[in-house]
Amino acid sequence: MIKKYDELNSVHIDVLREIGSIGSGNAATSLASVIDRKIMISVPQVQILENNEAVKKLGGAEKIVSAVLVKCHGEIDGMLLYLQSLEFINVVLRNVLSSSVERYEQLNEMHFSALVEIGNIMISSYVNALSTLTGLTIKLTIPANTINMLGGIMNVPMTEYGYESDKIMIINGNIICDGQEIESNLLMVPDIASLNTIMKKLGVLGG
Amino acid sequence: MKMQRREGKLITYALGSCIGICLYDPQIKLASMIHIMLPESSSPKPDNVFKYADTAIDETLRKMDVFGAVRRRMYAKIAGGAKMFNVVGDSNFGNIGERNVQTVVAILQKNGITIKSRDVGGSIARTLLLDAETGEAVVRSFNQPEKKL
């Protein structure tokens, strides 16, 4: 039984990395077909970090980012957050709407709707990987989005599961599109019970 | 929790559903800044007392007492408690900000501390600054002019 994120061992992390890897592949394929561009991905990293460390690593508390959030329920409870940097946003906008922005303030309703949709597609690709590998049924909520300071966004899973853990799981890998390398960050936050369900289904939960 | 006397600035970054609480005794110019994440601690002695409104405020007031602060002279300024995401079909999600605000206000009132000003709720993360010399507080957030508290 895993009681805390800290208790994940290297085998568990490997399993999560594998899910992340297949998820990233799925996500890249979906993204490529939506924006009609060739997309390459780097091997994703899975990191379990303390919240403050994670915020620092992703650019600092006051950094403005666009984020799409989807909650999952069914056999797995938790939430997923996809962080979209301005570079990522512009790749999407250029290819889908033939426009681009210099600052987050310039984003309009049309842009938002495209970004939420892309975020939703990316998140669903990861969830599909997880669901296929584990054979678990996972239901997703309608995506919610915000443009806000990173620190505030990263606190959402922390407050939701704050009584259980101070750690967060980040799957990051880079997307390479038109010769440009863009950071892609997905935060997967299953609750502890679900983490156990996943490990058990994949046969790596010892003891 | 940070404390400062007479000079310098205290700052806490990117308060989402969290609350930043400035406590100030103008007579001795003693300033404290707390950043709480959740309303109540499930145990009386949590690992991190400053994570929860109840234990954080109690501990900070205890420290300020030691440094000579007097409750009836003190005032508080609070900011934060936003709802970062609005999940359709899950109205409970993200209500933690609101619960944080209610709890913080109730605890401050219980301790007889006036809340001089507040900038709470909404959907925007805030950074809160407190000047230890004047007790003036400022809130800055994305796409908004700086606001004096």
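If you're matching them up, the sequences are chains A and B in order. FYI, the numbering for the first sequence is 771 to 977, going by this note's numbering. FYI, the numbering for the second sequence is 435 to 583, going by this note's numbering. Quick reminder that beta carbons are idealized off the backbone N, C-alpha and C, glycines included.
If you reduce the DSSP assignment to three classes, tell me which class residue i lands in.
i	result
MET880 of chain A	helix
ASN821 of chain A	helix
ASN944 of chain A	strand
ALA510 of chain B	strand
ALA914 of chain A	strand
ASP776 of chain A	helix
ASN955 of chain A	strand
VAL483 of chain B	helix
TYR874 of chain A	helix
ASP961 of chain A	coil
MET939 of chain A	strand
SER794 of chain A	helix
GLN438 of chain B	strand
SER894 of chain A	helix
ALA490 of chain B	helix
ALA503 of chain B	coil
SER869 of chain A	coil
ARG533 of chain B	helix
ARG560 of chain B	strand
Just confirm the distance between the C-beta atoms of residue i and residue j, as a whole number of angstroms; I'd bet it's less than 8 Å.
i	j	result
LYS556 of chain B	VAL535 of chain B	According to the sequence provided, residue 556 of chain B is Gly. The question's Lys does not apply to it. With a Cβ gap of about 11 Å, GLY556 of chain B and VAL535 of chain B do not count as contacting.
SER901 of chain A	ALA797 of chain A	With a Cβ gap of about 14 Å, SER901 of chain A and ALA797 of chain A do not count as contacting.
GLY531 of chain B	PHE519 of chain B	About 11 Å separates the two Cβ atoms, so there is no contact after all.
ALA837 of chain A	LEU851 of chain A	6 Å
GLY825 of chain A	GLY905 of chain A	In the sequence as presented, Gly is not what sits at residue 825 of chain A; that position holds Val. The pair is not a contact, with the Cβ atoms about 34 Å apart (cut-off 8 Å).
SER893 of chain A	GLY450 of chain B	Note on residue identity: the sequence assigns Ile, not Ser, to residue 893 of chain A. That belief does not hold up - the Cβ atoms of ILE893 of chain A and GLY450 of chain B are roughly 20 Å apart, past 8 Å.
CYS452 of chain B	GLY523 of chain B	In fact, because the Cβ distance is near 25 Å, the residues do not count as touching under 8 Å.
Flag this pair as yes or no: are the beta carbons of residue i and residue j separated by less than 8 Å?
i	j	result
ILE818 of chain A	THR967 of chain A	no
VAL959 of chain A	GLY848 of chain A	yes
ILE445 of chain B	ILE455 of chain B	no
VAL897 of chain A	ILE805 of chain A	no
LYS436 of chain B	SER466 of chain B	yes
TYR486 of chain B	ILE512 of chain B	no
MET939 of chain A	LEU910 of chain A	no
SER794 of chain A	ILE811 of chain A	yes
ALA516 of chain B	ILE558 of chain B	yes
LEU464 of chain B	ARG439 of chain B	yes
ALA831 of chain A	MET919 of chain A	yes
ILE834 of chain A	ILE917 of chain A	yes
ILE859 of chain A	VAL840 of chain A	no
Starting from residue i, find everything on chain A with Cβ-Cβ shorter than 9 Å and list it in chain order.
i	result
PHE484 of chain B	Going along chain A, no residue has its Cβ under 9 Å from PHE484 of chain B, so there is no contact; the nearest lies around 13 Å.
ALA571 of chain B	Residues of chain A passing the Cβ test: none, with the nearest at roughly 17 Å.
ARG551 of chain B	Note on identity: in this sequence residue 551 of chain B is Ser, with Arg being the wrong assignment. None at all; the shortest Cβ gap to chain A is about 20 Å.
ALA516 of chain B	ASN918 and GLY922
So which residues of chain B does residue i contact, with C-beta pairs closer than 9 Å?
i	result
GLU788 of chain A	Simply none; closest approach about 29 Å.
THR911 of chain A	VAL521, VAL522, GLY523, ASP524 and PHE527
ASN878 of chain A	None at all; the shortest Cβ gap to chain B is about 13 Å.
Starting from residue i, find everything on chain B with Cβ-Cβ shorter than 8 Å and list it in chain order.
i	result
ALA914 of chain A	PHE519, ASN520, VAL521 and VAL522
LYS841 of chain A	VAL521, ASP524 and PHE527
MET928 of chain A	MET471
On the DSSP bridge assignment, give the partners of residue i in chain order.
i	result
GLY844 of chain A	A:ILE908
ASP459 of chain B	B:LEU464
HIS469 of chain B	B:GLY454
ASP565 of chain B	B:LYS443
LYS582 of chain B	B:VAL572
ILE834 of chain A	A:MET919
MET849 of chain A	A:LYS841 and A:VAL959
ARG864 of chain A	The partner list for ARG864 of chain A (beta bridge, DSSP) is empty, contrary to what the question assumes.
SER901 of chain A	According to DSSP, SER901 of chain A bridges with nothing at all.
SER551 of chain B	B:LYS511
GLN815 of chain A	A:ASN942
MET810 of chain A	A:ILE946
Just to make sure I have the definition right: I need the residues of chain A whose C-beta is within less than 7 Å of the C-beta of residue i. Which are they?
i	result
TYR447 of chain B	ALA831, GLU832 and GLY921
ILE558 of chain B	ASN918
ILE530 of chain B	THR929
Just to make sure I have the definition right: I need the residues of chain B whose C-beta is within less than 7 Å of the C-beta of residue i. Which are they?
i	result
ILE818 of chain A	In chain order: nothing, as chain B lies at least about 18 Å away.
GLU875 of chain A	ASN577
ASN822 of chain A	Simply none; closest approach about 10 Å.
Who are the neighbours of residue i on chain A, taking C-beta pairs under 8 Å?
i	result
ALA503 of chain B	Residues of chain A passing the Cβ test: none, with the nearest at roughly 28 Å.
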